[in-house]
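Read through the structure below, which is laid out as structure tokens, and then see the notes.
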Amino acid sequence: MFANLIMSTTLGIAVTALVTRALLRRQRRHENAGAGA
62 MFANLIMSTT
72 LGIAVTALVT
82 RALLRRQRRH
92 ENAGAGA
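For the sequence shown, the numbering used here assigns the number 62 to the initial residue and increments by one for each residue that follows.
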């Protein structure tokens with residue numbers, strides 16, 4: 062039970078980190094395009 066909880070929590074954190082990185086990359090791209098750089 063405890064091992065499953067740790068695994069699910071770790072997977073959740075990993076997925077959240079990947080999604081956050083993707084969103085940050087999109088925002089940076091939009092900002093760069095707006096600045097013309």
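Built from N, CA and C at the ideal position, the CB exists for glycine as well.
- The DSSP-derived three-state label of M62 is coil.
- Runs of the beta strand (DSSP E) lying entirely within the region 69 to 94 and spanning at least 3 residues: none are present.
- C-alpha of M68 to C-alpha of M62: approximately 10 angstroms in a straight line.
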